[in-house]
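Protein chains in written order, with our numbering: chain X, 3 to 255; chain E, 3 to 255; chain U, 481 to 869; chain Z, 481 to 869.
Idealized CB from N, CA, C, for every residue including glycine.
To keep things clear, I will list the structure first and then write my remarks on it.
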Ligand SMILES: Cc1ncc(COP(=O)(O)O)c(C=O)c1O
Ligand SMILES: Cc1ncc(COP(=O)(O)O)c(C=O)c1O
C-alpha cells in the first residue's frame, strides 16, 4: 500500500483528519523551506505536498502562483528538490508528494523523474494539467518505482469519470472543493457533500478535500465523507505574515 | 467705348504701358485705402482695380489672400466699397474696376450690383471664378449699366476659347502670365509671347498682362504685344513694407 | 434631369477660373471617350472586385431591429479596402487619370478618408499622391495622416482660412491650376465644378446598384421603405440613392450634421438652413452670411464638416424627391455607441448620423424597413471620442 | 492524419486540469451534433457572407510583382469585418456557444485582434464578451482596447508572468474553470487543448477553400507554386494551407517571427528553434529552458508573440509537408512599408512577416507565383511603427 494512504489511514484510525500541507519548493526561501517541512512534519502532517515551480501554473490561484514564481526566480528546479530530499531521506514521518505541471517533469524525463522520486523517498505525484485521457504514459513510468499518480477530481467530475480515475488508483484521491483555482473561495456545502458521497462510493482509497481550506471548522460538516484536508494558500499567507507552520497546524491536531 | 479702354489707349498713345494697380478694398486699413487710391490715381494709373474681399479666394496667391482676408475681418463689404466710391465719384482720373468672386456679388443681387457700379463710377468687373460658360447672366445684368465684364485668359486658353471671350468684350482683356495663382512667379517668356500674339489676333480691345509683375524691366520683352500691366502682390508687399504707392509707381511712369 | 450642361435643375455648373477650364474640359472628354471604353470598364470592375473587395455586404441588424421595432439593414461600405466608400471614386478617377496620361493624383481631404483612398489608388496605379489637408484636420486626424505618409503620399498642410476642408479644396484647386499638365485633381465628393458631381456619382452609383439587388434578394423581391445616408459633400448619399430614385415607393433621406445642436450653432446643414450660392465651382446650397461670405461649418464628424453640398442633392431637395434632415453631434455619438455595442459594428461618425436618424425616429418608423448606407468604419474616430467622452 | 483522439501525429492532446474536461467534452459533443446541423451551417454561412463580408478578395500585386520578378497574390483577410481572419473563428465559436446555451464569450488576446473579433461576435449574437489581456499588451495595443470597450467587452488585465498573451491564456483558462456553466472559452488560434485546434481549423479552412478556387479562376486552372502565411498560434496559416495540403505541387511555407534577429535573441519561432513540450493543453513545439520553463517570446508583431504553436503545424513540420522559416522584426517592418507604398495595402505586422518572406527570397522565387495570406490590416500597428521609426 502506498505510504500516503497508510499515513492518512493512521490519522483516520485516531479519529482525526489526515493533514496535507502544501508548500512550493523553496518557499519562503531555500534554507527556510526545509525548516518549514520539518516543522510541518513534527506538527503531524500525514502527507507533505511540495510544489514544483512552473512558469505557467494555470491551475493555481494568485497566492500560490506568486509564491511559486518567486521560487522559480530564485532558481529552484527539480534537481534542487530531489537533492534536498535525498539528503533528508528517512527524516520525515509524513509521506511526500510532489505537485506540479507536466512540462517540467516531461523535460526532466519521466523515467528519470520516477527513479529520482523513489530514491528521494517521494511516494506520489500530482500533475495539475494531466486529465485521465493523457495520463497513461505517466502512470506507466511511475509504476515501476512505486510512485502513485494522485487523481484530482471535483464538483463537475461525473461519476463515470470518477470511475475511470478510480481504476487502479493508489495513495489518495484529491477532491477539489470549488470550481475555480486554488485560494480561499466561498464553497457550496450541499453540492460538495453530494459529490463527496459519490466519490466515496467510487474510490476505495482515502479522499482528501482541497482548495480554500483554512480552518478545521470548515470541515465538520463533511465529517465521514472525507479523510484528509489539503491546505495551501492559507498556509502560505500564514507564513508570509511572519508566523510559524507549527502555529498554523495547532488547531488541526 | 468703355472708359477702361479709353484710359489704357491714352497711355498707349503716349508710348507708355497702361498701369493697372490692384489693391484689396480696405487695404491697408479703412482710411489709408482711399489715400492709396488717390496716390495711385495721381501717379498715373490708367485703371485702378479694387478687390472685393471673399472668404474663399481660390484664384488668389498668398499675399493677396492674406491682405484680403484681413480686410474681410475688418468688416469690409460691398456696401462699404460702393459707399466710399459714391462719395468720391468724379475724383479719380483713372477708370475703376472691381475684382472678386461671384458669390458676394450674387448675394448682393446682380442687378443692384450693376446699378451701384454705374452710380459709383465703376466701369468694369472681373470675376475670378466665372468662365465663359457661366458668364451670360452676369453680362446681361451689367450691360444696361455700361459695366464691362473683363475677360481673363491665360497660357492654357486655346485660340477658340479666346474667340468666345472676345465676342462682345469691352474694356480690356486680362492676360494671366503664369499658370498658377497671383504672386510673383517665374515666367516662361517664349510661351507668353506666343500666346500674347494669339490674344492680339483675337481681341480688338487692349491687352493687360498680369500676375507676378513687379518692375517695368520685365515687360520690355513683350513690347508691342501688350497694352497694360496689372500689379497686385508686388504693390501690396511694397505698401506693407511701409513705402508709398507713389514710390512704387515711379519706375512705371 | 440635366437641363444645362453640368446642371441639376438650378444647381451645379462650372464656376471656376478660366485657367481651370482646360483640365475640366479634358476630363469631360475623357469621360466620354475613356470611361465607356472596354479597357477602362474591364479594369475598373476588376479593381472594384480584387482591390476594394466589392460587392460590399449588406447586413441585417437583429439586435437593433428588435430594440427599435423596425427592420434595420446596412450597406457595408465600411468593409471596403481602406474603410469607406471613398475608394470607389478614387480608383475610378485614378484609373481614368492614368489612362489620360497623368502621373499625379492631387486631392483635398478633411477626415483623411478621401486622402487615404486617393493615396491607395495612387500606390496601386504607380502614381504619386499629393494631398492637401487643413492644418487643423492634420492634427485631429493624425492616424489617417500616418496612413497616407506610410503609403507614400506627400501631404501639404493648408494654413489659410479656417484650416479645414474648404480651405484644403481652395489649396488643391490652386495647385491644380499650376500642375494641370501632369496632375489630375481627384475630387473627393459629388460636388465641385462639372463634371465632378456627375463623375463621382458615376463611380459611387455602384453602391445602390448592388444594394438594391441585394436587398431584394434577401426580401422576396421587396424594396425597402426607406433609404438613408449621411450627406457631407454627398457622394455616399448619391451613390446610395441613385438606383432607388425611380422607385417612387422608396423614401430617400439624406442626413446632414446639425453640429452641437443649439439654435444658431455652427453646423454642416446647408440644405436645411443654407441658401443658394456659389462655391468651389458649383451653384448649390451654402452656409453663408448675407454678404455671401462662407461660414465656418461644424460637425463632430470631420467628413461632414463642410459648408456646401453637391448640386444634385440641392436639386433632389428642391424637387422633393429626397428629404434632408439633421442629426446633431450627441445623437450621432449615441448612435456610434449603440451600433458598436448592439451589433459589433463601429460606424464612422459620419455614418453614425445616418444610423442616428433611425434611432431618433423609431416611433415613426415602427415596422418599416430602413436601409442605411454605412459609409465607413469608425476606427479613425476613436481618438475624437476619447477626447469627448 | 489524426491518430489518437485530438492528436496530429505526435502533437496535440488535452493537457488540462480534470476540472476543464467537462466543458471540453461538452464542446467536442457540440462539434459532433450542433456544428454539422443544417441550422448551424445555414446561419454560419450567412454570417460569413453578411457580417464578415466573405468571400474575401484575392488581389494581384502588379507593382511588387514587377519589382520582385515574381507573381505576388494576396488573400485579403484584412478586408474582413474587424480587420483580420480572427472573425471567421469567433463567429463560428460564438454561434456554436450560443446554440449550446452559453451567454458569455471568454477570450484571451495578445494583439487585441482576437479580442476585438470575439467582442464583435458577442455583440452580434447578443452575448457578453469577457476578454483577458496581458497588462503589457493593454498598453501597447491601446486602440484595440478602445474598440473592445466601445463594443461592450469587459476587459480583465492580467498582471502575472510576462503579462502578455501566454499569461492571458492562463488567466482565461482559470476563469473558464470557474464559469464553465455559462461561459464558452472562445480560443483564438488553432492551438490549445483538443478540440480547439480542430475546431479553429474548421472555421478557418474557408480561407483556402475560397483562395484555392479564386486563384485557379484567375490563373487558367493553375495552382500557385507557393502558399505563404505567418504563424503565431497558426490559425491563419492552417486556414490558408488546409485545402492546398493534398496539392503536392504547392509548397507550403509558414513564417515564424525571429524577433530582433541576433543569435540568441527572444523570438517567436518554436518550430524553428524550439523543442517538444506541453503548454496550454497541448503537446507541441515550445520555446523553453532545459528545465521545461516557458521562455518569454518576442516579436514586433504582437499577434506572433507566443512561445508555442498549434499542434497541426508541429505535425506538418515533422512530416515535412510544410516548411517553416523565420523573418525578423526589421525584415517585417520593411515589408510593411514596401507593401504600403507599392500597392496601397497596409498589412498587419503579423502578415508583414509572410510578405517579407517573398521579398527576402525573391532571387530564389523568380518567375514563381507566390500566394500570401494577408491575415490582417496594419492600422492597429501604426502606433508601434511610430515608436520604432
Ligand atoms: C465615412 C465617411 N462617410 C461620409 C463622408 C462624407 O462624404 P460624402 O458626403 O461625400 O459621402 C466621409 C467624408 O470623409 C466619410 O469619410
Ligand atoms: C493579423 C494577424 N495575423 C496573424 C495573427 C497570428 O495568429 P494566427 O497564427 O493564429 O493566425 C494574428 C494574431 O493576433 C493577427 O492579428
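Buried or exposed: which applies to residue i, given that a residue is buried once 16 or more other Cβ atoms fall within 10 Å of its Cβ?
| i | result |
| --- | --- |
| residue 185(E) | Below a pLDDT of 50, predicted positions are generally treated as unreliable, and residue 185(E), at 45, falls in that range; the measurement from the model is reported next regardless. Buried is the call here. |
| residue 794(Z) | buried |
| residue 121(E) | exposed |
| residue 642(Z) | buried |
| residue 700(Z) | exposed |
| residue 830(U) | buried |
| residue 9(E) | buried |
| residue 88(X) | exposed |
| residue 135(X) | buried |
| residue 812(U) | buried |
| residue 565(U) | buried |
| residue 199(X) | exposed |
| residue 193(X) | exposed |
| residue 253(X) | exposed |
| residue 52(X) | buried |
By DSSP's criteria, residue i is part of a beta bridge. Which residues make up the other side?
| i | result |
| --- | --- |
| residue 540(U) | 553(U) |
| residue 488(Z) | 491(Z) |
| residue 763(U) | 492(U), 758(U) |
| residue 53(E) | 26(E), 101(E) |
| residue 930(Z) | Examination of residue 930(Z) is not possible in this model, given that chain Z is present from 481 through 869 alone. |
| residue 240(E) | DSSP, once it has assigned bridges, lists no residue as partnering residue 240(E). |
| residue 212(X) | 178(X) |
| residue 706(U) | 731(U), 850(U) |
So, under 8 Å CB-CB, residue i and residue j are touching, yes? Tell me the CB distance rounded to an integer number of Å.
| i | j | result |
| --- | --- | --- |
| residue 55(E) | residue 27(E) | 7 Å |
| residue 687(U) | residue 719(U) | 4 Å |
| residue 527(U) | residue 575(U) | 7 Å |
| residue 41(E) | residue 246(E) | 6 Å |
| residue 851(Z) | residue 704(Z) | 4 Å |
| residue 153(E) | residue 167(E) | 4 Å |
| residue 496(U) | residue 579(U) | Not quite, the Cβ-Cβ distance comes to about 23 Å (not below 8 Å), so this is no contact. |
| residue 731(U) | residue 706(U) | 5 Å |
| residue 126(E) | residue 170(E) | Wrong, their Cβ atoms sit about 14 Å apart, outside the cutoff. |
| residue 790(Z) | residue 669(Z) | 6 Å |
Cβ of residue i within 7 Å of any heavy atom in ligand 3?
| i | result |
| --- | --- |
| residue 666(Z) | With respect to ligand 3, the structure offers nothing, as its ligand set consists of ligand 1 and ligand 2. |
What residue from the options has the CA that sits closest to residue i's CA?
| i | options | result |
| --- | --- | --- |
| residue 197(E) | 224(E), 82(E), 102(E) | 224(E) |
| residue 856(Z) | 843(Z), 835(Z), 728(Z) | 835(Z) |
| residue 824(U) | 599(U), 696(U), 539(U) | 539(U) |
| residue 500(U) | 84(E), 83(E), 16(E), 132(E) | 132(E) |
| residue 671(Z) | 698(Z), 866(Z), 485(Z), 761(Z) | 761(Z) |
| residue 827(U) | 507(Z), 860(Z), 492(Z), 627(Z) | 627(Z) |
| residue 582(U) | 567(U), 694(U), 606(U) | 606(U) |
| residue 230(E) | 18(E), 216(E), 3(E), 4(E) | 18(E) |
Touching or not, the region 529–542 of chain U and the region 553–564 of chain U, by the rule of three or more beta carbon pairs under 8 Å? yes
Is the region 583–601 of chain U close to the region 643–660 of chain U, with three or more CB pairs under 8 Å? yes
The region 540–557 of chain U contacting the region 608–625 of chain U, beta-carbon criterion three pairs below 8 Å: no
Using 8 Å as the Cβ pair cut-off and three pairs as the minimum, do the region 768–786 of chain U and the region 747–760 of chain U touch? yes
Kindly confirm or deny that the region 19–38 of chain E and the region 75–90 of chain X touch, where touching means at least three C-beta pairs closer than 8 Å. The region 19–38 of chain E makes no contact with the region 75–90 of chain X: fewer than 3 CB pairs, one atom from each, lie closer than 8 Å.
Is the region 758–771 of chain Z touching the region 633–640 of chain Z in the sense that three or more CB pairs, one from each, lie closer than 8 Å? By the criterion of at least three beta-carbon pairs nearer than 8 Å, the region 633–640 of chain Z is not in contact with the region 758–771 of chain Z.
The region 594–601 of chain U touching the region 652–663 of chain U, judged by at least three CB pairs closer than 8 Å: By the Cβ test, the region 594–601 of chain U is not in contact with the region 652–663 of chain U, since fewer than three Cβ pairs between them sit closer than 8 Å.
Inter-stretch contact (C-beta, 8 Å, three-pair minimum) for the region 614–621 of chain U and the region 690–700 of chain U: no
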